[in-house]
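Protein chains in written order, with full-length UniProt numbering: chain U, 1 to 401; chain A, 1 to 401; chain W, 1 to 401; chain E, 1 to 401. Ideal Cβ placement from N, Cα and C applies to all residues, glycine included. Since the structure comes first, as structure tokens, the remarks are kept for the end.
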């Protein structure tokens, strides 16, 4: 057992930290100002940051194998944390932003040659963006077997009908391609009914209805969260990813690394929140002493530190398990980080907001927006409660005859 | 001891409930749609609702004495709860919305004859709106002695300089008058330094800089939360409310009823959230049973009910104390409801959101917006932590020699 | 609505408070010392206290109707709170201690003439004690239909076989009579299977096996918590209470007032804990200031006050509902106080213990013992979780078609 | 970074697990029965277990260096966890029980040659037991500068006067030696006032007054928690450990490993609680399904697993830090595990108790006793609140100029 970073990780951390200090943090203000007028497109400054990141060799770090930086999950995880300190910007600047990361992994692993040529390549180059369309407004999507968008084979094409929402990134005009999960085989066994298929965003019959808000935020600079209607949307049959009926299995494979990325970015956000909380507490006074001298605030700071240290170790161990025993062997831990991280980071952000007074709720600090993001992760990939039930079942099973 | 409503309250509750069913709930959709295009002004449908409320004798219910409905705090509180079920609309429609309610009480109690004629009268008639400018960006405003906006006597005028933010309602063009708290006597004892003064919103030197957001909400349909700069803003000396140096005392007097209104409205919001949570849980299924059959969801529903019942009684008792022994005698309880209510209602709204899945975060349900509102009440009138310290001090004092 | 005590209650409160000050608190030390050597019997000083209480007209206050003090639930509740400040002593001294109170109510309401003569009379006189035998070690007793002790009619007798545990008070040699719940009609509908029957503690076949501990406490001075085996225990048929098959209905009727008594006594214990917490915090210093000056401790004190005020009102309202609309109409509230009170009081006691340092865990303060008592109330009459499910079901039912 | 055990650890874990299965668990019942009659001495069966442990090479595993097993903290920590599964027995059987472990480390590190010969040797051989006397009833001992027992040099002797309590193990007649912390230099700088000194338990003037209870437990089989009075207790000057005035520094050095041992044992206790909780939940039914099928219980099980996984990693990392950068470099983590572990394990035990119904409170399951032990660790070595303040201060310091 050894808790030190290996050399590759240490070197990349240093390089990424320099990029944060030299490029990302200084760009935050301009990014925010541009975002106010750039509609559903990302602020123009993002392209500069992408160029700088690429030049510094900080590009596609998330992707294992030859097409990416070739890092293990355990090596990438500490880098994702650093990106999470400036969540809207750093991940996008290094081409490591969701949902594209999951989509690229999926195409790298399951895509046909032309699918990889046509879509993976420009995604890896940061030329286009993508979306992943799973959640539906009319059913409890936490149970994937509820998904009702139909994908019907008709000659050399598939025809899609249905409604999706909270499709992150799909409002962005740069988003050129959607990976859609739907039902191809309604009579097959429950976990063989779904398939995934590529649908270009400009396909006739596909209508982007509106952007959904998350606690008032439209998240426009990250492409929003679209509601999308599919009415007789036709795509050639070769747009199907993997085999028909394989959607559920692909979705499962997609989850592990994404959870680690999410959780590490949240930990980065939490670290930033602690820093802001400390700085604010030291700089404000009320009733004759600084906020930092208030026992209750000290309690929050200590609790935050204690929780972060535990979370980080659990996520890192999960990454290590995925590297050494694979997704299946890391099942309990993958669920555990999904349950523990958003809850703890939400708590930390809440306290950081409280220390900032009313300002903490507003656009003048990144805290309220980060809070809304982490709150939404108590749903993403299924609500906490579903994961807890599943985890408990595995625990109980140890003692069943 | 007796826990039944008196006849006046029972009759008004019935009348108000009918108004909710017949006018308010049916107008919610149109109100939301109009709000999307009405900028910082209230949606036009509000005027219809105001007319209907007035006709039904549901007008200025909050105001004791001859100028208002003449109700006690204990009689009004259950009505405020009902209004809280549709928070943006019902209170405004009945001319019972903050911050005007507090401002009207203040003018009724401390205003000079011409101040009442000039400002209280049109406020009571629902012809204009008003704002209350206390919080400042540069200091911890929870400690009122920190307030630094200067109000300097210069001949027959007062001159204001300073910066305020989170001035609710002040973005609304119908807002004609601000009550501003500032420092007139910097060398007086700490609680005799501040005064309150009336400042017409169109006074030269007063600049509305921007609307602050609360999480991602600008709350435009309620007049937003303005940042306002005062640069050599001059008003005649007769605009001062009460006596010079009396600002702190007036602020204290303003607090009690306002807290009761806020807390009862939150309880109304919580009741609505429980209803929505139950309806949603009964209507959705996952993994072979309805959400309502999940033990964890049942636990949330039960906890919500248990917490609401306790909160309501405490707020009602506080109202009764204010009616019988006054603000000072109800000090502990006024702080207690300020501490307990936002925290509990925030918890309930969080659970209601969770039951709604991603939709709960969005514009399609009133839950996320209500959540942001209640979260901001953990600051309004000072953060919970300040009130807890003060309450603890009174408790400890019982045992000091 | 009115939150003031009526005259009867006010007068009795004053009288009881005087009894606490003049007799109970001064006897606490002697009571504790005697308890160390009095085995399963109560400390001898209890008889003195009983005499004094009776003389002062503080006797059987819990019992409505002519046989008791004739108070309503709402009148008695504030008295139970006062008794709870010295829980082991005051209730016993005034003949208002569980489980005898519930048993006396039960006999007063359902007992035959000779049962009342034989058992209710000496109980009312404080000459004997009694126990209530329901919980069984081998089944989840929260579901009363699980109860498996058999009560079989055999000629003019009933024959009992089974095992009970946690039978509070039954180790006390003064305990002369047990009310036993068991199954008489195994083939009847689920809620018509049980009956209650009187079993003298010295009946052959009844064996007191041992005292169960509760977090290390044997609660010997209150008669302990016995495990009891029934092997062919025979009692005459006239020992059955009410009708055969009526056990479940009687048990339900018994619950309401008992819950109110328990909850109010817990609130009294919480008030005492707050007092002890304040006194200790004021008297100890560490790191240059008193414990009372620590922000976190102030937070605990404030939270304790806020929670107690809410709880008390809810219990009082429940008492009022029982007086005005009966057990059934107060069903939600009776469950709500069962859920809310032990949880909140446990939290308060935990904080009071923490403020006392290691001493708080020990025999030198009443806090740890009180904690163990309140913790056990999260089970008594069924665990919280069962009550929450039931309460949630009633809430959900409002919205079912 | 690597999360696998090294070979030494893996081998010792296997050996220790076999010892648990073959010797410890089978002895638990007899241990409990003997404890009921063995007074303040350990149950006789312990000597058998010690012999078996020693024979299996499972002896003094805690002690680094030549005198012990020579393991690092990181190697020993997983073994401590396993011992914690049967806390009263396994640690004592392997001569790895507190407070002797800390005392042996202290003597190994700071003891003079004769001190080591006289006391360390028989302790290492398991022939005698020892105690550590620091906490005092009259001051807040969390602030070590409060400690008031005086140790005054008088010729060739030191004379002790004062009162200590909660001196764990000191009721045990096998306890032959106490390490006493007291004030030798009242006028020195705050952290140079205390010294530690060896005091044989049979020294004239030393009176064992009584055993303190923790909740209702006297913990007699582990030597109880003594209150001890020192009245002119004289020991030769060579009984002083290290240098005069060095008590505080020694106390600090003693803390690190002890915290790791405590925390890992608690994690073992938590693992056992989860096992018991699962087994019980699977074996009991109420209202038509097993307890294990209740959503709320599943939630507890999942939460328990998630919390344990995080805690264990944090404690292991702390052990690694102590091995690699020393006590000082691991300061934050040492405090973090002290804060996080008792709180989380207490929560888990509470839920395991709740699943067991009333039985969980009693002597029939190890849960309530384990709960009392972990609750007392929220004080031991200073209450959580003191550690949180200190940790927060270090966090804030990063941002001070």
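When the options are compared against residue i, the one with the closest alpha-carbon
i, options, result
"residue 303 (chain A)", "W:279, W:294, W:22 and W:332", "W:332"
"residue 357 (chain E)", "W:360, W:338, W:336 and W:379", "W:379"
"residue 243 (chain W)", "W:212, W:20 and W:198", "W:198"
"residue 267 (chain A)", "A:13, A:45, A:84 and A:318", "A:84"
"residue 255 (chain W)", "W:291, W:195, W:96 and W:334", "W:334"
"residue 194 (chain E)", "E:179, E:121 and E:40", "E:179"
"residue 181 (chain A)", "A:135, A:355, A:42 and A:88", "A:135"
"residue 352 (chain W)", "W:291, W:277, W:338 and W:390", "W:277"
"residue 237 (chain U)", "U:153, U:349, U:6 and U:367", "U:153"
"residue 273 (chain W)", "W:398, W:117, W:368 and W:324", "W:368"
"residue 239 (chain U)", "U:281, U:400, U:1 and U:114", "U:114"
"residue 388 (chain E)", "U:301, U:396 and U:393", "U:301"
"residue 21 (chain E)", "E:248, E:53 and E:308", "E:53"
"residue 23 (chain E)", "E:45, E:297 and E:279", "E:45"
Spatial distance of residue i from residue j (CA atoms)
i, j, result
"residue 345 (chain E)", "residue 384 (chain E)", "14 Å"
"residue 56 (chain A)", "residue 373 (chain A)", "29 Å"
"residue 31 (chain W)", "residue 219 (chain W)", "13 Å"
"residue 99 (chain U)", "residue 224 (chain U)", "12 Å"
"residue 377 (chain E)", "residue 340 (chain E)", "11 Å"
"residue 287 (chain E)", "residue 381 (chain W)", "15 Å"
"residue 210 (chain A)", "residue 295 (chain W)", "36 Å"
"residue 150 (chain E)", "residue 156 (chain E)", "16 Å"
"residue 262 (chain A)", "residue 141 (chain A)", "20 Å"
"residue 230 (chain U)", "residue 35 (chain U)", "29 Å"
"residue 90 (chain A)", "residue 7 (chain A)", "22 Å"
"residue 161 (chain W)", "residue 203 (chain W)", "13 Å"
"residue 119 (chain W)", "residue 177 (chain W)", "8 Å"
Cβ separation of residue i and residue j, assumed to be a contact under 8 Å, to the nearest whole Å
i, j, result
"residue 47 (chain A)", "residue 86 (chain A)", "About 17 Å separates the two Cβ atoms, so there is no contact after all."
"residue 74 (chain A)", "residue 316 (chain A)", "6 Å"
Delimiting residues of the alpha helix (DSSP H) encompassing residue i
i, result
"residue 194 (chain E)", "Premise fails: residue 194 (chain E) lies in the beta strand (DSSP E), 194-200, not in any alpha helix (DSSP H)."
"residue 8 (chain A)", "7-19"
"residue 326 (chain E)", "326-329"
"residue 406 (chain E)", "This structure does not reach residue 406 (chain E), given that chain E is present from 1 up to 401, and the question cannot be answered."
"residue 26 (chain A)", "25-35"
"residue 391 (chain W)", "384-397"
Cβ of residue i within 8 Å of any chain C Cβ
i, result
"residue 355 (chain U)", "Among the protein chains in the structure shown, which are U, A, W and E, there is no chain C."
Cβ-heavy atom distance, residue i to the ligand ATP, below 7 Å
i, result
"residue 171 (chain W)", "This structure lacks the ligand ATP; in fact it carries no ligand of any kind."
Residue span of the beta strand (DSSP E) that contains residue i, given as start and end
i, result
"residue 225 (chain E)", "225-236"
"residue 180 (chain E)", "175-183"
"residue 209 (chain W)", "206-211"
Problem - Whole runs of the alpha helix (DSSP H) within the region 113-164 of chain W, excluding any shorter than 4 residues - result: 121-124
Handout entry: Every unbroken alpha helix (DSSP H) within the region 62-110 of chain E, with a cutoff of 4 residues, ordered by chain
Key = 73-84, 87-93 and 100-110
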